[in-house]
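Residue numbers -23 to -1, 1 to 237, in mature numbering (1 follows the signal peptide of the UniProt record, and there is no 0), belong to the letters of the sequence shown in order. What follows is a single structure, written as structure tokens, with notes after it.
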Amino acid sequence: MAFSSSLLLGAVIALTGAATASAAPSVDYVALGDSYSSGVGSGSYISSSGDCKRSTLAYPSLWAAANSPSSFAFTACSGAITSDVTAKQLGPLNASTDLVSISIGGNDAGFADVMTTCVLQSEATCLNRIATARSFVDTTLPGRLDSVYNAISAKAPSAHVVVLGYPRFYKIGGSCIVGLSDKVRTAINGAADYLNAATAKRAADHGFSFGDVAAKFTGHEICSGSAWLHSLNWLNIGESYHPLAAGQSGGYLPVLNALD
């Protein structure tokens, strides 16, 4: 009888996954970064986050809602550059932190100024501004990313860190019949790829995972007819060129899920 009972208990455990050893571990999650991580453009902003515009529809919030981590600290902030992360966002990190996500570097490279220049000035001026941004990515951004990544590792040495990139903005030859030329749109897309490549290299050198979201946004760029990104919005400039809620849930969240 005892032998039979043991066999029965073993079968039940195997079928139900009821063994304590198989229980999913708890996770302490901290979400850092800029507006692409805070959720600018997706709406449903958390009032207490103020100008940081953290959203309940941003990928960190969506991940936390789906996974019920033991703790969730959301410090990403609209407009953040690398020095803002190290100065203002790292407080929740500690030796118990298991998962960190971050998108950063776009504002350091002058994302907003590039788009303003390209929208308001000549094609030649726009292309020159993009070239300046690419030069910054070559010469200055790697050191700034190293500073952030070193600070994360120092405060949360056991954490799995996922660095998320940026989407390409435009579908070339798409449905847009006015606005920027395809030459400019191609140059802007190329700059996004250039930034992502540099960020991926620094992340890899620190032992972090890099999440490339560009593939997820393919077919959902501006001018695609099914955009997951805001185009230029004169009534809400801050949301221009940022993901909609669909871009957070369909573009960013699956990439974090694949790497968490």
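Glycine residues also receive a C-beta, built at the ideal position from the N, C-alpha and C atoms.
query                                                                                                                                            : result
First and last residue of the beta strand (DSSP E) that includes F51?                                                                            : 48 to 51
Just mark T117 as buried or exposed, buried being the case when its beta carbon has 16 or more other beta carbons within 10 Å.                   : exposed
Rank L9, D5, R31, G16 by C-alpha distance to the C-alpha of L206 and give the top, closest one.                                                  : G16
What three-state label does DSSP hand D5 in the structure shown?                                                                                 : strand
With the cut-off set at 7 Å, would you say V161 and E198 are in Cβ contact?                                                                      : no
Roughly how many angstroms separate the alpha carbons of S47 and Y13, rounded to a whole number?                                                 : 24 Å
For Y22, which three-state DSSP category applies?                                                                                                : strand
Give a yes or no on whether the C-beta atoms belonging to Q66 and L9 are separated by under 7 Å.                                                 : yes
Counting pairs of beta carbons, one from the segment 73 to 90 and one from the segment 47 to 62, are three or more of them closer than 8 Å?      : yes
For the 8 Å Cβ check, are there 3 or more pairs between the segment 179 to 191 and the segment 124 to 142?                                       : yes
If you scan the segment 156 to 213 from start to end, which runs of the alpha helix (DSSP H) of 4 or more residues do you find wholly inside it? : 159 to 182, 191 to 194
Taking all protein chains shown into account, decide if T52 is buried (16 or more other Cβ within 10 angstroms of its Cβ) or exposed.            : buried
Name the two residues that bound the continuous alpha helix (DSSP H) containing V91.                                                             : 88 to 97
Should D5 and T63 be called a contact, given that it needs their Cβ atoms to be closer than 7 Å?                                                 : no
Whole angstroms is fine: what's the gap from N44's alpha carbon to E216's?                                                                       : 28 Å
Looking at the secondary structure, which residues open and close the beta strand (DSSP E) in which I81 lies?                                    : That residue, I81, is in no beta strand (DSSP E); it is neither H nor E in DSSP.
Output the distance between the C-alpha atoms of Y147 and L172, rounded to the nearest integer angstrom.                                         : 16 Å
Tell me the DSSP secondary structure of P134 in three-state form.                                                                                : coil
Who are the Cβ neighbours of F235 in its own chain at under 8 Å, not counting the five residues just before and after it?                        : According to the sequence shown, residue 235 is Ala rather than Phe. Taken in chain order, the residues that qualify are G188.
Taking its Cβ as the centre, do 16 or more other Cβ atoms sit within 10 Å of G27, making it buried, or is it exposed?                            : exposed
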